[in-house]
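Data block below; observations after.
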Amino acid sequence: MEQKNEAGAIITQKMIDELRVRIKPYLTDKRYAHTISVEKEAAALGEIYMPERVVELRAAALLHDIAKKLTYENQLNLIAEFGIINDTIKEIAPAAIHAVTAPIIIKRDFPEFATSDILSAVRYHTTGRAGMTKFDAIIYLADYIEPTRDKDVCIQTRRLFYEKLKSAGDEKERVVILRETILSVLRSTLAYLTSKKVKIEPDTEAAVRYFSRGGDFT
Numbered sequence: 017m018e019q020k021n022e023a024g025a026i027i028t029q030k031m032i033d034e035l036r037v038r039i040k041p042y043l044t045d046k047r048y049a050h051t052i053s054v055e056k057e058a059a060a061l062g063e064i065y066m067p068e069r070v071v072e073l074r075a076a077a078l079l080h081d082i083a084k085k086l087t088y089e090n091q092l093n094l095i096a097e098f099g100i101i102n103d104t105i106k107e108i109a110p111a112a113i114h115a116v117t118a119p120i121i122i123k124r125d126f127p128e129f130a131t132s133d134i135l136s137a138v139r140y141h142t143t144g145r146a147g148m149t150k151f152d153a154i155i156y157l158a159d160y161i162e163p164t165r166d167k168d169v170c171i172q173t174r175r176l177f178y179e180k181l182k183s184a185g186d187e188k189e190r191v192v193i194l195r196e197t198i199l200s201v202l203r204s205t206l207a208y209l210t211s212k213k214v215k216i217e218p219d220t221e222a223a224v225r226y227f228s229r230g231g232d233f234t
């Protein structure tokens, strides 16, 4: 299978196979196992929602945590090096900063995968955003429900999501289930961060408001 990126270049399954090897130095063993699980989950979701984009979804999944191994200080230095540091960036929680630096690394080290869809999905895989695309949503959800996630809320979300899909009659119903599940995850994340008195990213709050008001994928 192969798909074209925005520049018209081909993204092939062989490139994905090679990417699995190329990302290893960027990740711990545990993070690599998680990443491979996210890739499989994203591909499974892609077959349901975007079968023509599965190769690209695999690439986004493989690259979503590419900056996770960097220290917080190194991530800020990387952001400053590429001239995008500002007060908003400085206020991003340390746990979410890798979503900002990952697109930088993709552009620098993996430019053949630096499409707007892949970069967006990677950028917002921790926070979500108002006006998420289906591509964004698939990576966001795959990261949350992949089988190695052992938190009860992740396990429960995965079970309910696939149970609902079994009764979906058509594509429209499947999209509604995806949208409702994304909102459920966003609300759960918001509640968890609030209970822990951890900084809540504005993008997460905006995403909750957007989907709560009936917003659809863009």
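In this note's numbering, the protein residues as written are 17 to 234.
Quick reminder that beta carbons are idealized off the backbone N, C-alpha and C, glycines included.
Next on the checklist: Pop quiz: I108 and V116 are said to be a contact at Cβ under 8 Å. What is the actual Cβ separation, rounded to whole angstroms?
Outcome noted: Locating residue 108 in the sequence shown gives position 92, counting from the first residue. Locating residue 116 in the sequence shown gives position 100, counting from the first residue. Right, their Cβ atoms sit about 6 Å apart.
Next on the checklist: Once DSSP output is grouped into helix, strand and coil, what is the label at T87?
Outcome noted: Within the sequence shown, residue 87 is the residue found at index 71, counting from 1. In this structure, T87 counts as coil in the three-state DSSP scheme.
Checklist entry - Beta-carbon separation of A76 and A58 under 8 Å? => result Position 60 of the sequence shown holds residue 76. Position 42 of the sequence shown holds residue 58. Closer than 8 Å, so yes.
Next on the checklist: Within a Cβ cutoff of 8 Å, which residues of the same chain sit near R139, ignoring the five residues on either side of it in sequence?
Outcome noted: Position 123 of the sequence shown, counted from the start, is the residue given in the question as residue 139. The beta carbon of R139 sits closer than 8 Å to those of A115, V116, A118 and P119, all from its chain and outside the five residues before and after it, given in chain order.
Checklist entry - Between I26 and L78, is the Cβ-Cβ spacing less than 8 Å? => result Within the sequence shown, the letter at position 10 stands for residue 26. Within the sequence shown, the letter at position 62 stands for residue 78. Result no, Cβ atoms of I26 and L78 do not sit closer than 8 Å.
Next on the checklist: So F11 and L35 are supposed to be a Cβ contact under 8 Å. How far apart are they, rounded?
Outcome noted: Missing from the structure shown is residue 11; the chain here goes from 17 to 234 and no further.
Checklist entry - Which of helix, strand or coil does DSSP assign to I32? => result Looking up residue 32 in the sequence shown gives position 16. In the structure shown, I32 sits in a helix (DSSP, three-state: H, G or I).
Item to check | Any beta strand (DSSP E) of 3 or more consecutive residues that is wholly inside the region 140 to 222 | outcome: Complete beta strand (DSSP E) runs here, min 3: none at all.
Next on the checklist: Would T210 and L157 qualify as a contact pair, given that the criterion is a beta-carbon distance under 8 Å?
Outcome noted: For this step, residue 210 is matched to residue 194 along the sequence shown. For this step, residue 157 is matched to residue 141 along the sequence shown. No.
Checklist entry - Hey, L61 and I134 are a contact pair by Cβ (cut 8 Å); roughly how many whole angstroms apart? => result Sequence index remark: in the sequence shown, residue 61 carries index 45 (1-based). Sequence index remark: in the sequence shown, residue 134 carries index 118 (1-based). Not confirmed; about 15 Å, so no contact.
Checklist entry - Exposed or buried, what is G144 when buried is set at 16 or more other beta-carbons lying within 10 Å of its beta-carbon? => result Residue 144 sits at position 128 when you count from the first residue of the sequence shown. That one is buried.
Checklist entry - Is DSSP giving K26 helix, strand or coil here? => result Stepping through the sequence shown from its first residue, residue 26 is reached at position 10. First, the amino acid is wrong: residue 26 is Ile here, not Lys. Strand.
Item to check | Whole-number beta carbon distance between H141 and H50, since they are thought to touch under 8 Å | outcome: If you number the sequence shown from 1, residue 50 lands on position 34. If you number the sequence shown from 1, residue 141 lands on position 125. Taking a contact as a CB-CB distance under 8 Å, the pair H50 and H141 does not count as one, their CB atoms being some 12 Å apart.
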